[in-house]
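Inspection log for the structure reproduced underneath, given as structure tokens.
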Amino acid sequence: MMTFKKTMALAIALPLALGSASALAYGGGKHHNGQGGKGGCGMDDSRMFRQLDLTDAQKTELKELRQTNRDAMRGTMAERHAEMQAQHQKMQQLMLSENFDEAQVRALAEEMSQQQVERRVAMLKQRHEMMQVLTADQKTKLQELQAERAEKCQARIEQRLERKQAN
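Those letters in the sequence shown? Residues -25 to -1, 1 to 142, by mature numbering (1 follows the signal peptide of the UniProt record, and there is no 0).
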């Protein structure tokens, strides 16, 4: 009975982990997590950059950085997809196996977590490079804009919770 419970927990947890990893790998477009788009709570700072009075040289440099990052992402997309499919297949094999092999499950989970960490580090490195294009005043203004967005987002979340509680 305990093996069945562990298998069920694994059957629930690993697909969620894969889904999270793929969502992070995607990086979030205009509707990341259903919160992007106009006035959303997503991580897209491109609209805020428009409010920073960038010089033409800064605009050009940021555009080149975005294009370089986009090209690099496209170059590894097929490889990442193949890795994720292999991991999914491995996960399925572990779930369907006669006995629960915790060591193999842990190894797979750690592999998936490490890949997620690597993607996050690469994303933050790219964002850091973009921030280096800004002046000190522009960075300060960007932080203020981000704080305003965070406050608005928090207010929206609280309103949704209040509406759910009222229903």
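For glycine and all other residues, C-beta sits at the position ideal for the given N, C-alpha and C.
Pairing residue 98 with residue 72, the inter-Cα distance amounts to about 36 Å. For residue 24 against residue 37, the beta-carbon gap comes to about 7 Å, under 8 Å, which counts as contact.
Here residue 62 is buried: its Cβ has 16 or more other Cβ atoms, across all protein chains shown, within 10 Å.
Listed in chain order, the non-local C-beta contacts of residue 105 below 7 Å within the same chain comprise 37 and 40, local neighbours out to five positions each way being set aside.
For residue 107, the secondary structure class from DSSP, reduced to helix, strand or coil, is coil. Residue state for residue 29 is assigned as coil, using DSSP reduced to three classes.
The C-alpha of residue 126 lies about 42 Å from the C-alpha of residue 67.
Counting only residues of its own chain and dropping the five nearest sequence neighbours on each side, residue 56 has no CB closer than 8 Å to any other CB. The DSSP-derived three-state label of residue 24 is helix. In this structure residue 87 is buried. Its beta-carbon is surrounded by 16 or more other beta-carbon atoms within 10 angstroms.
Looking only at 96, 45 and 109, the smallest Cα-Cα distance to residue 28 is reached by 109.
For residue 117 and residue 64, the gap between their C-alpha atoms comes out near 43 Å. Here the alpha carbon of residue 76 sits roughly 44 Å from the alpha carbon of residue 42.
Residue 80 counts as buried, since at least 16 other C-beta atoms from the protein chains shown sit within 10 angstroms of its C-beta.
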